[in-house]
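Please read the structure below before turning to the comments.
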Amino acid sequence: MASILRFRKLCYVEPVKFQFFQPQKFGKKEETVATEAKTALENCEKRNKRQPKERSCVNSCCCVIGYMCTTWWLLLVLFECLPAAFPGFQVPESPGTRLKREGLIALHPVVLVPGIVTGGLELWEGKPCAEGLFRKRLWGGSFTEVLKRPLCLLEHLALHNETGLDPPGIRLRAVPGLVAADYFAPGYFVWAVLIENLAKIGYEGKNMHMAAYDWRLSFQNTEIRDQTLSRLKSQIELMYVTNGYKKVVVVPHSMGVIYFLHFLKWVETPPPMGGGGGPGWCSKHIKSIMNIGPVFLGVPKAVSNLFSAEAKDMASIRAMDPGVLDSEILRLQALEHVMRVTRTWDSIASLLPKGGETVWGNLDWSPEEGYACDLSKKRYLQASAGDKDTNGSDVKMDFHVKESNKYGRIISFGKETLQLPSSQLPTIDTKEFLGTRTNRNTNSSCGGEVWTEYDEMCRETIRKIAENKPYTARTALDLLRFVAPKMMQRVDSHLSYGIADNLDDPKYTRYKHWSNPLETKLPDAPDIEIYCSYGVGIPTERSYVYKLSPNDRCRSIPFRIDSSVDGDEDSCLSGGVHLTDGDETVPVISAGFMCAKGWRGRTRFNPSGIATFIREYRHKPPASLLEGRGLESGAHVDIMGNFALIEDVLRVAAGATGAEIGGDRVHSDIFRMSDRIDLRL
Amino acid sequence: MASIRRRKPVEPSNTSVQKEEEEDEEEEDHSKNEHRRKSDKKSKPKWSCVDNCCWMVITGPLPDSPGVKLRKEGLKAKHPVVFVPGIVTAGLELWEGHQCADGLFRKRLWGGTFGEVYKRPLCWVEHMSLDNETGLDPPGIRVRPVCGLVAADYFAPGYFVWAVLIANLARIGYEEKTMYMASYDWRLSFQNTEVRDQTLSRIKSNIELMVEANGGNKAVIIPHSMGVLYFLHFMKWVEAPAPMGAGGGPDWCAKHIKAVVNIGGPFLGVPKAVAGLFSAEARDIAVARAIAPGVLNNGFQTLQHMMRMSRTWDSTMSMIPKGGDTIWGDLDWSPEEGYSPMKRKQRNTDTQKASQDDPETEISQTKRANYGRIISFGRDVAEALSSDIERIDFRDAVKGQSVANTSCRDVWTEYHDMGYGGIKAVAEYKVYTAESMIDLLRFVAPKMMERGSAHFSYGIADYLDDPKYQHYKYWSNPLETKLPNAPEMEIFSLYGVGVPTERAYVYKLSPSAECTIPFQIDTSADEHDEDSCLKGGVYSVDGDETVPVLSSGFMCAKGWRGKTRFNPSGSRTYIREYAHSPPANFLEGRGTQSGAHVDIMGNFALIEDVMRVAAGATGEELGGDQVYSDIFKWSEKINLQL
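As you go down the protein sequences, you meet chains A and B in turn.
Using full-length UniProt numbering, the letters of the first sequence map in sequence onto residues 1 to 681.
Using full-length UniProt numbering, the letters of the second sequence map in sequence onto residues 1 to 642.
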């Protein structure tokens, strides 16, 4: 504040001198000025003219300030003029208000666990280029500072390439508290709607906690660097005690789901690796876990993201601030920059598909096969009337008519590869890549700015990768290990993607397995309830058709999604991407499988028989523009504003059990798909 | 805050200058103009200049900070740090409200821009008030403290409280996991923050977590202003057995706390709180007036509204002067007598050592100010000898029938119940000392004091082992509690000196009797003599503008020094005073050497001391006591059994 004033003073002290030079001229014209804006504008021009050199700096600054003030003032007037509510549009009553009338009151404390990307990050220590941004949000919020210095932002967001922790001299930390993820950007809610509804039935700071963490780090590293897991443990214990020994309801979203899975194992494991809560901790403190849009088994999108930085999730950067990526400096290398940064984030790798070919399908088979994209809409419409049997026969008919989508081939090069039966495909041994890798000297003309590990690969190897080969969930990992060895080496020490044969094997006590539901047991807590709540009815990326990027420019990413590949109308292939049912980010199979089969009943992954419930919410786009992001949306983030979901969360928080809110609620084929997955339970 | 107000007068002159500029150049052709503008755009240096300007405007130049200096010295974050904010400075946000507060969910009602105060003042007052009987939430309204460092880093945009200290601590490696803002609802009585929000449990759990997560390094607590009393209460609470306390055991403090670095602590209360409760006129409450003149100037009942609101806040009663006449002086005597502002100035400039011998002679020359008479009616009474004052006891006076007519009803202060007789009786008692003043408040605001006396006590304990002192109402009074058994814990008292601070008031009956507060400070009582401490009806003494030196320094200078009955384990105490020197020019903002109550949080010397302690230094390593005022001499005069 003080500095603005000072500056204004500076600006306006100097012109006073003119009064002495031309006093007689004032009297002549006494026209009043129409608006402040005009004044500022003309004033600005005049001054520029008179003393072009010396004054121009001060003048233009004054002008800028003048403009800003005027614009601000105008906007304010406009805002005040707007009618309080648009006629003809009524917001339906929010679930919080309704349930409060029903008599629900806050009972169990609530813990919210945000997902990737949506949590805010603020700067605690930075390079000189980030001067003045101390404790300002670099991620989340308005991004205004960031637009001005995109390269600086990327530098600060990146982690250390070897350790996956802070680079020297930079400390970027998660914003704590409810503000961390209530709004991602102004007006773009994430948790805000849910928080507001919870508050209506009596929740407040003391019984609602946002477990914000640095979503760039691998899960165990959040504990090592920030003690985030200890913090969460202590908060849950505190809330349990101060709210009259009521167990907590945990509401994780997106990646928060596997973060919390990690927490469940961590907290019961003895120190130093774990939190030392003892084997009864979970059953003592947790009532239920309401996973929203869970990514239990990973998302195919993460593969394409790491492979070529192209998936939509990362594209949120692009969507949020196109300026960053279109600005002049970055024009050529935007994607490469993004790739370099995201590859330092261990958390992205935690989203890679888990369970390999057993879950995600092999060259010829996939659990979703037979899913028809355009039919899906019709079927959904019928689904409310018809029951599952008719559904089943429906699909069988489709089976014969249509060629099946080869979802199992997560990455294939060229459309032909996609259609060939597996017997005609060249078999590959990914191991051989690792041998042939040569360290070619990089082209010095490219400068050292943007470093992706692709630079170290020679063209022949790249071609070899691409030679008409499809990759499944298992081989895609090997592919990544090949193209980004350093990243995967770092990641492999923190994460694991397999399926455990024998869960009692001592090696599964290591923390790298904790966030993989197929390699851990749920805690021994029969009273906990686990919900899988997610949206369905939106085409979701499932597999990709790639091509070599035509551009041989140095340091570009050599692979691109072949967006020219389009299937016929019936097929789910569009723009080089195979789509399946899901919530736009997470395919149904990843979100629902554990609750539908993996943990259902007493299985080896769920030895104590924790009850699981599937709650699906069918996507319905907003009816009009005024509805904003929709009250019945099923999209990955927008579902947080879905009234039906909010009502479920509120009821559970107020004490209801899964059976009381209606047990399973299924719209998709999740049970049938799960049946096809041959996993020993 | 001041800067916001100052902004207004600047603007009109701007526009007039702009007009002149515009008029005298109107004839000039436009084409030329346009041409120049284009060239402006093309040339690069100009843009960078504009950029620079923008950055200047947005960020402001950063002065060299102690953080940078100490980092070069090699200091590193060691002990986790807990901030305890004071009254008024921390933010409050709305969680549930009435119809009129629609759309304010989770927006700050207190702190921040105060935008809403302007728009709907009555609604705001309604939501900020607490229930008159219980001192808790009124039905249907939930206003809660903001969590995290944002709660009190800036009080209003640009008006820092903790932000400077936080920024400097961050330089030597502190971050969210090693810093904790123990924000609490400062309107409530201390024990009620636990009853309603479990705030004390939250602080306990967070301190335990931070100590454990930082390899067993004990926490350094930094309370400011009322936070000092709040933390005093906490230390007793945490070791007291459940259900009244937390049951942390008798060595909790010894295990978890390295040092308590009190900043501007009103250990023994502030006289200002009396004036605030009595007539809503003291500066502390007037903060609201400064912030939102609109609220208080629309209509004639603003003061009454403020009073009604602030009287529902139990916390204001925690700052009523404690220790009675023993500490604050009686009709004829006060520990500060002989203090003259002129003398202080001289002494500050030439020598820093408080000279112990010369004041004796000067007392006779300067006119004595009877600081002990905290409230006197009429200036002549304030200066008269005690034997000359005729006093009629007010305590038994019959309160007359309520004179309040119907038009006053929406503004409820207890004065309406008093009637004319009661008011007259109050005025006829003429002089009130710290002790009789509490009776006075009980007389004029019986309901409030009844609520308050369940939570606070203002006396001096004769026998500290008396079981009655286990009750929580004594916990925030340092004269009625023992410090915890923690011989290694250090207690610092850091405060500013050299700013005139309110100490005693001259009152008069207010002329218009209806619907107003019947008493007001007699601002015409003024001494023209420069030496005097009387100005605008207020006697001032040395302090930090809010807390007199006596209150912030006495406990560390005498009450707790060595092994006393208040400090049985002999925790070490240190006094660090910071002489106030106003900002040299406008560019310095609120000054880097300020000693004022809130501005001291930006004092570089203080920040350096705090950081050294946080990085592991002991009080001895800081240099022990650093004293500019007469605190030791004054403490000597206080006759308190130790």
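Built from N, CA and C at the ideal position, the CB exists for glycine as well.
Could you tell me which chain A residues have their CB closer than 7 Å to the CB of S205 of chain B, listed as they occur along the chain?
Position 205 of the second sequence holds residue 205 of chain B. Residues of chain A passing the Cβ test: S234, L238.
Cβ neighbours of T326 of chain B in the same chain (closer than 8 Å, five flanking residues each side left out)
Translated into the one-based positions of the second sequence, residue 326 of chain B becomes position 326. So the qualifying residues of the chain are I460, I638, N639, L640.
To the nearest angstrom, how far is the alpha carbon of G372 of chain B from that of V541 of chain B?
Counting from 1 along the second sequence, the entry for residue 372 of chain B is found at position 372. Counting from 1 along the second sequence, the entry for residue 541 of chain B is found at position 541. If you take the alpha carbons of G372 of chain B and V541 of chain B, they lie about 12 Å apart.
Cut-off 8 Å between Cβ atoms - residues of its own chain near L650 of chain A, not counting five sequence neighbours on either side:
As a working mapping, residue 650 of chain A is identified with position 650 in the first sequence. The residues are P95, G96, L99, L104, N197, L198, I201.
What's the C-alpha gap between Y178 of chain A and L109 of chain B?
Translated into positions along the first sequence, residue 178 of chain A becomes position 178. Translated into positions along the second sequence, residue 109 of chain B becomes position 109. Going by the sequence as given, residue 178 of chain A is Leu instead of Tyr. The straight-line gap from Cα to Cα measures roughly 17 Å.
S230 of chain A (DSSP reduced to helix, strand or coil)
On the first sequence, residue 230 of chain A is found 230 positions in, with the first residue counted as 1. Helix at S230 of chain A.
I'd like to know if P271 of chain A contacts chain B, where contact means its C-beta is closer than 8 Å to some C-beta of that chain.
As a working note, residue 271 of chain A is residue 271 in the first sequence. Taking Cβ atoms only, chain B never reaches closer than 8 Å to P271 of chain A, which makes this a no.
What residue range is occupied by the uninterrupted beta strand (DSSP E) comprising T573 of chain B?
Position 573 of the second sequence holds residue 573 of chain B. Its beta strand (DSSP E) spans residues 572-579.
When the cut-off is 8 Å and only beta carbons count, does F105 of chain B lie next to chain A?
Locating residue 105 of chain B in the second sequence gives position 105, where the first residue counts as 1. So, interface residue.
Of all the residues that make up the segment 169-195 of chain A, which are near chain B by a beta-carbon distance shorter than 7 Å?
R171, R173, P176, G177
Nearest to I631 of chain B by alpha carbon, out of B:V497, B:V538, B:P568?
Start at 1 with the first residue of the second sequence, and residue 631 of chain B comes out as number 631. For the residues B:V497, B:V538, B:P568, the minimum Cα distance to I631 of chain B belongs to B:V497.
Between the beta-carbon of F189 of chain A and the beta-carbon of G641 of chain A, is there less than 8 Å?
Taking the first sequence and counting its residues from 1, one reaches residue 189 of chain A at position 189. Taking the first sequence and counting its residues from 1, one reaches residue 641 of chain A at position 641. The answer is yes: Cβ separation under 8 Å.
Would you say A170 of chain B lies against chain A (beta-carbon separation less than 8 Å)?
What you label residue 170 of chain B is simply residue 170 of the second sequence in a count that begins at 1. Yes, A170 of chain B counts as interfacial toward chain A.
Residue range of the alpha helix (DSSP H) that L262 of chain A falls in?
Indexing the first sequence from 1 puts residue 262 of chain A at position 262. Correcting the residue type first, residue 262 of chain A is His in the shown sequence and not Leu. Unbroken alpha helix (DSSP H) run through H262 of chain A: 256-268.
If I measure Cβ to Cβ from L331 of chain B and keep anything under 8 Å in the same chain, skipping five residues before and after, which residues do I get?
What you label residue 331 of chain B is simply residue 331 of the second sequence in a count that begins at 1. The residues are N370, G372, R373, S386, I389, V431, T433.
Quick one: residues in its chain with C-beta nearer than 6 Å to the C-beta of I661 of chain A, no 5 flanking neighbours on either side, listed in chain order?
Your numbering for residue 661 of chain A matches position 661 in the first sequence. If we look at I661 of chain A and ignore the five residues flanking it on each side, its Cβ neighbours are D648, R651.
Alpha-carbon to alpha-carbon, V545 of chain A and W162 of chain B:
As a first step, residue 162 of chain B is located in the second sequence; it is residue number 162 there, counting from the start. As a first step, residue 545 of chain A is located in the first sequence; it is residue number 545 there, counting from the start. The alpha-carbon atoms of W162 of chain B and V545 of chain A are separated by roughly 55 Å.
Would you verify that the beta carbon of I291 of chain B is, or is not, closer than 8 Å to some beta carbon of chain A?
Residue mapping note: residue 291 of chain B aligns to position 291 of the second sequence, counting from 1. Reliability of the predicted coordinates at I291 of chain B is poor, the pLDDT of 48 falling under 50, and the value obtained from them is presented with this limitation in mind. Judged by the 8 Å Cβ criterion, I291 of chain B is not in contact with chain A.
Using CA coordinates, which residue listed in A:Y617, A:A623, A:A653 is at the minimum distance from H636 of chain A?
Counting from one through the first sequence, the residue named residue 636 of chain A turns up at place 636. For H636 of chain A, the nearest C-alpha among the options comes from A:Y617.
Hey, how far is the Cα of G591 of chain B from the Cα of C123 of chain B?
By 1-based counting over the second sequence, the position of residue 591 of chain B is 591. By 1-based counting over the second sequence, the position of residue 123 of chain B is 123. Cα-Cα distance, rounded: 36 Å.
Secondary structure of L172 of chain A, DSSP reduced to three states:
To locate residue 172 of chain A, count along the first sequence from 1; it is residue 172. Reduced to three states, the DSSP call for L172 of chain A is strand.
Stretch-stretch touch, CB-based, cutoff 8 Å, three pairs: the segment 149-161 of chain A with the segment 115-130 of chain A:
yes
Using only alpha-carbon positions, find the residue among B:F190, B:A219, B:F155 that is nearest to V80 of chain B.
By 1-based counting over the second sequence, the position of residue 80 of chain B is 80. Sequence inspection shows Pro at residue 80 of chain B; the Val mentioned does not correspond to that position. Looking at the Cα atoms, B:A219 is the closest of the given residues.
Would a C-beta distance cut-off of 8 Å place R225 of chain A and L232 of chain A closer than the cut-off?
Working through the first sequence from its first residue, we reach residue 225 of chain A at position 225. Working through the first sequence from its first residue, we reach residue 232 of chain A at position 232. Cβ distance not < 8 Å, so R225 of chain A and L232 of chain A don't count as in contact.
Could you give the DSSP three-state label for C63 of chain A: helix, strand or coil?
Taking the first sequence and counting its residues from 1, the one referred to as residue 63 of chain A is at position 63. Three-state DSSP puts C63 of chain A in a helix.
Using a threshold of 8 Å, state whether the C-beta atoms of S543 of chain A and P300 of chain A are closer than that.
In the first sequence, the residue the question calls residue 543 of chain A occupies position 543. In the first sequence, the residue the question calls residue 300 of chain A occupies position 300. For S543 of chain A and P300 of chain A, yes; Cβs fall inside 8 Å.
Cβ of P85 of chain B within 8 Å of Cβ of G265 of chain B?
By 1-based counting over the second sequence, the position of residue 85 of chain B is 85. By 1-based counting over the second sequence, the position of residue 265 of chain B is 265. No, they are not a contact pair.
How would you list, in chain order, the residues of chain B whose beta-carbon sits under 7 Å from the beta-carbon of W124 of chain A?
Working through the first sequence from its first residue, we reach residue 124 of chain A at position 124. Chain B residues near W124 of chain A: A170, E175.
Bridge-paired residues (DSSP) for R144 of chain B:
In the second sequence, counting from the first residue as 1, residue 144 of chain B sits at position 144. According to DSSP, which records beta bridges pairwise, R144 of chain B is partnered with B:E93.
Step through the CB atoms of chain A and report whether any lies within less than 8 Å of the CB of A246 of chain B.
Indexing the second sequence from 1 puts residue 246 of chain B at position 246. With 8 Å as the cut-off, A246 of chain B does not count as an interface residue toward chain A.
By the 8 Å beta-carbon criterion, what residues does the segment 207-230 of chain B contribute toward chain A?
Residues of the segment 207-230 of chain B that bring their beta carbon within less than 8 Å of a beta carbon in chain A comprise E208, L209, E212, A213, in sequence order.
With a 10 Å radius around its C-beta and 16 neighbouring C-beta atoms as the bar for buried, classify M68 of chain A as buried or exposed.
Here residue 68 of chain A corresponds to residue number 68 of the first sequence, with the count starting at 1. When all chains shown are included, M68 of chain A counts as exposed.
Relative to the alpha-carbon of P582 of chain B, which residue among B:G570, B:V549, B:D544 has its alpha-carbon at the smallest distance?
Against the second sequence, residue 582 of chain B aligns to sequence position 582. Of the candidates B:G570, B:V549, B:D544, the one whose C-alpha sits nearest the C-alpha of P582 of chain B is B:D544.
Using a Cβ cut-off of 8 Å (strictly closer), state whether R202 of chain B contacts chain A.
Position 202 of the second sequence holds residue 202 of chain B. With its beta carbon less than 8 Å from one in chain A, R202 of chain B belongs to the interface.
Can you find the residues in the same chain that come closer than 7 Å, C-beta to C-beta, to T603 of chain A, ignoring five residues on each side of it along the sequence?
Translated into the one-based positions of the first sequence, residue 603 of chain A becomes position 603. Cβ within range, chain order: L681.
By the criterion of Cβ-Cβ separation under 9 Å, what are the contact partners of A90 of chain B in chain A?
Mapped onto the second sequence, residue 90 of chain B falls at position 90. Within chain A, no residue comes near A90 of chain B; the closest Cβ sits about 13 Å away, beyond 9 Å.
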